[in-house]
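Trainee: Residue numbers (the numbering used here): 519 to 855. In this text, a Cβ means the ideal position worked out from N, Cα and C, and glycines have one as well.
Structure (structure tokens):
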């Protein structure tokens, strides 16, 4: 349902913004809808099925593997989520993750100073890539699909220039720390805690407002161009974190490693209950969607099913998720927090 606000035209602009934010804050509620219920149910079913066919599924080693296997997708999908929340889409996230991966593999050396400085540099590169996407959408007034499709090709070319073939190496300490159970849990908790804080900020409300009804958001004094650019910058930043984590996992670089994550990130967001048209979704759903896809891959691999069927199943799940999120006739009522 589009968000619209009645605000007296005689109010100062600042008053308008405050009224709009207050109205949105009052609408903070838990929306138990069909997509969210289905994604939660699918996650539970996958856990049960995996546990029944894989001996020792709940062992500490296997749970660590599940967590670390899903984390790169969750990170990159979190960034994609912010863009989709505004009604846009970012097809360059996989390429940005690839650039981050190869830069880390080529430039990172042993030692705390090198590790920290290159990590900061890689994240800055991701933010810059997101800024380029955002400016292309806002200033160029070009459809996000076309802008990010173009930058995807550019970033892929940059990755190949930096590292034409798989190679390079990251410090052993970097890989050991990031791929351990403690680090994975801390990262996941950080994501959840960050979302709890972020959804109470004006920017979070503005992202949802722009995705729900851009014209209404503009009329109520919101800086829509800034909000859109911020979404793409966040997307680029999270994509670079995904690339860094992938570098830690394989201890090297690969100029094609991030490409599969482009569509998977969209799938995780949609499976988690977010609406492709924007304005609706939660990071909880994104995390659930990431685990669903990761555990599905694990199950298919364990059963020895061909990778072709894996792609088929993922495509069917995405198709069903999109169909459910666009079907607006079946919804349960809202429950206020």
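1) Would you mind stating whether residue 574 and residue 568 have Cβ atoms separated by less than 8 Å?
2) Suppose the cutoff is 7 Å on Cβ atoms and the five residues either side in sequence are ignored; what does the same chain contact list for residue 838 look like?
3) Looking at residue 765 and residue 623, is the spacing between their C-beta atoms short of 8 Å?
4) What distance in whole Å lies between the Cβ atoms of residue 677 and residue 644, which are believed to be in contact at a cut-off of 8 Å?
5) Assuming residue 737 is part of the alpha helix (DSSP H), what are its boundary residues?
6) Are the CB atoms of residue 628 and residue 669 nearer to each other than 8 Å?
7) Return the chain-ordered list of same chain residues with a C-beta closer than 6 Å to the C-beta of residue 585, the five sequence neighbours on each side being excluded.
8) When you compare only the Cα positions, how much space is there between residue 720 and residue 761?
9) Report buried or exposed for residue 600, applying the criterion of at least 16 other Cβ atoms within 10 angstroms of its Cβ.
10) Judging by CA-CA distance, which residue of 808, 832, 821 and 587 is the nearest neighbour of residue 696?
11) Hey, how far is the Cα of residue 556 from the Cα of residue 672?
12) Would residue 612 and residue 749 be called neighbours here (beta carbons separated by less than 8 Å)?
13) Helix or strand or just coil, what does DSSP make of residue 833?
14) So, with DSSP's three-state summary, where would you put residue 685?
15) Any idea which residues DSSP pairs residue 771 with across the strands?
16) Please report the straight-line C-alpha distance between residue 745 and residue 658, rounded to a whole angstrom.
17) Our contact map puts residue 808 next to residue 792 with C-beta atoms below 8 Å; I'd like the distance itself, whole angstroms only.
18) Check whether the Cβ atoms of residue 597 and residue 706 lie closer than 8 Å to each other.
19) Tell me which residues share the same chain as residue 759 and place their Cβ nearer than 6 Å to its Cβ, disregarding the 5 neighbours each side in the sequence.
20) If I measure Cβ to Cβ from residue 795 and keep anything under 7 Å in the same chain, skipping five residues before and after, which residues do I get?
21) With H, G and I counted as helix, E and B as strand and the rest as coil, what does DSSP make of residue 780?
22) Please classify residue 778 as buried or exposed, where buried requires at least 16 other C-beta atoms within 10 Å of its C-beta.
23) Express the C-alpha separation of residue 688 and residue 638 in angstroms, rounding to a whole number.
24) Measure from the alpha carbon of residue 572 to the alpha carbon of each residue in 649, 819 and 686, then state which is nearest.
25) Please state the DSSP three-state secondary structure of residue 838.
26) What are the start and end residues of each continuous alpha helix (DSSP H) run of 4 or more residues lying completely inside the segment 576-619, in chain order?
27) Measuring CB to CB, does residue 735 end up less than 8 Å from residue 742?
28) Give me the Cα-Cα distance between residue 836 and residue 631, rounded to the nearest whole angstrom.
29) How big is the Cα-Cα spacing for residue 828 and residue 653?
30) Is residue 773 near residue 582, with beta carbons less than 8 Å apart?
31) Beta-carbon separation of residue 740 and residue 724 under 8 Å?
Mentor: On the basis of the data shown:
1) If you number the chain shown from 1, residue 574 lands on position 56. If you number the chain shown from 1, residue 568 lands on position 50. No.
2) Looking up residue 838 in the chain shown gives position 320. Cβ neighbours of residue 838 beyond the five flanking positions: none.
3) By one-based count along the chain shown, residue 623 stands at place 105. By one-based count along the chain shown, residue 765 stands at place 247. Contact check for residue 623 against residue 765 passes: the beta carbons are separated by less than 8 Å.
4) Locating residue 644 in the chain shown gives position 126, where the first residue counts as 1. Locating residue 677 in the chain shown gives position 159, where the first residue counts as 1. Contact doesn't hold; Cβ gap of about 13 Å is too wide.
5) Stepping through the chain shown from its first residue, residue 737 is reached at position 219. Unbroken alpha helix (DSSP H) run through residue 737: 732-737.
6) Indexing the chain shown from 1 puts residue 628 at position 110. Indexing the chain shown from 1 puts residue 669 at position 151. No, these two residues do not count as a Cβ contact at 8 Å.
7) Here residue 585 refers to the residue found at position 67 of the chain shown. Annotation for residue 585: 702 place their beta carbon closer than 6 Å to its own, counting only its chain and skipping 5 residues before and after.
8) For the purposes of this step, residue 720 is taken as residue 202 along the chain shown, with counting starting at 1. For the purposes of this step, residue 761 is taken as residue 243 along the chain shown, with counting starting at 1. So the alpha carbons of these two residues sit roughly 29 Å apart.
9) By one-based count along the chain shown, residue 600 stands at place 82. So residue 600 counts as buried.
10) Here residue 696 corresponds to residue number 178 of the chain shown, with the count starting at 1. Proximity to residue 696 across 808, 832, 821 and 587 peaks at 587, based on C-alpha coordinates.
11) Numbered from its first residue, the chain shown carries residue 556 at position 38. Numbered from its first residue, the chain shown carries residue 672 at position 154. Using only the alpha carbons, I get a separation of about 37 Å.
12) Counted from its first residue, the chain shown places residue 612 at position 94. Counted from its first residue, the chain shown places residue 749 at position 231. Cβ atoms of residue 612 and residue 749: not closer than 8 Å.
13) Along the chain shown, read from residue 1 onward, the residue named residue 833 stands at position 315. Here residue 833 sits in helix by DSSP.
14) Your numbering for residue 685 matches position 167 in the chain shown. In the structure shown, residue 685 sits in a strand (DSSP, three-state: E or B).
15) Here residue 771 refers to the residue found at position 253 of the chain shown. Answer is 685.
16) By one-based count along the chain shown, residue 745 stands at place 227. By one-based count along the chain shown, residue 658 stands at place 140. If I take the Cα positions, the gap works out to 16 Å.
17) Stepping through the chain shown from its first residue, residue 808 is reached at position 290. Stepping through the chain shown from its first residue, residue 792 is reached at position 274. About 12 Å; that fails the 8 Å criterion.
18) As a position in the chain shown, residue 597 is number 79, starting the count at 1. As a position in the chain shown, residue 706 is number 188, starting the count at 1. Contact: no.
19) For the purposes of this step, residue 759 is identified with residue 241 of the chain shown, where counting begins at 1. Within the same chain, residue 759 has close Cβ partners 593.
20) Your numbering for residue 795 matches position 277 in the chain shown. Counting only Cβ-Cβ distances below 7 Å, and skipping sequence neighbours, we find 605.
21) Walking along the chain shown from the start, residue 780 turns up at place 262. Note: residue 780 maps to helix in three-state DSSP.
22) In the chain shown, residue 778 corresponds to position 260, counting from 1. Flag for residue 778 reads exposed.
23) For the purposes of this step, residue 638 is identified with residue 120 of the chain shown, where counting begins at 1. For the purposes of this step, residue 688 is identified with residue 170 of the chain shown, where counting begins at 1. About 15 Å.
24) Counting from one through the chain shown, the residue named residue 572 turns up at place 54. Of the listed residues, the one whose Cα sits closest to residue 572 is 819.
25) Position 320 of the chain shown, counted from the start, is the residue given in the question as residue 838. Helix.
26) As far as the segment 576-619 is concerned, its whole alpha helix (DSSP H) runs of at least 4 residues are 578-603.
27) On the chain shown, position 217 is the one that residue 735 refers to. On the chain shown, position 224 is the one that residue 742 refers to. Yes, Cβ-Cβ distance for residue 735 and residue 742 is below 8 Å.
28) In the chain shown, the residue the question calls residue 836 occupies position 318. In the chain shown, the residue the question calls residue 631 occupies position 113. When only Cα atoms are considered, residue 836 and residue 631 end up about 42 Å apart.
29) Numbered from 1 along the chain shown, position 310 holds the residue referred to as residue 828. Numbered from 1 along the chain shown, position 135 holds the residue referred to as residue 653. Computed Cα separation, rounded: 36 Å.
30) Taking the chain shown and counting its residues from 1, one reaches residue 773 at position 255. Taking the chain shown and counting its residues from 1, one reaches residue 582 at position 64. Contact flag unset, no.
31) Residue 740 sits at position 222 when you count from the first residue of the chain shown. Residue 724 sits at position 206 when you count from the first residue of the chain shown. Closer than 8 Å, so yes.
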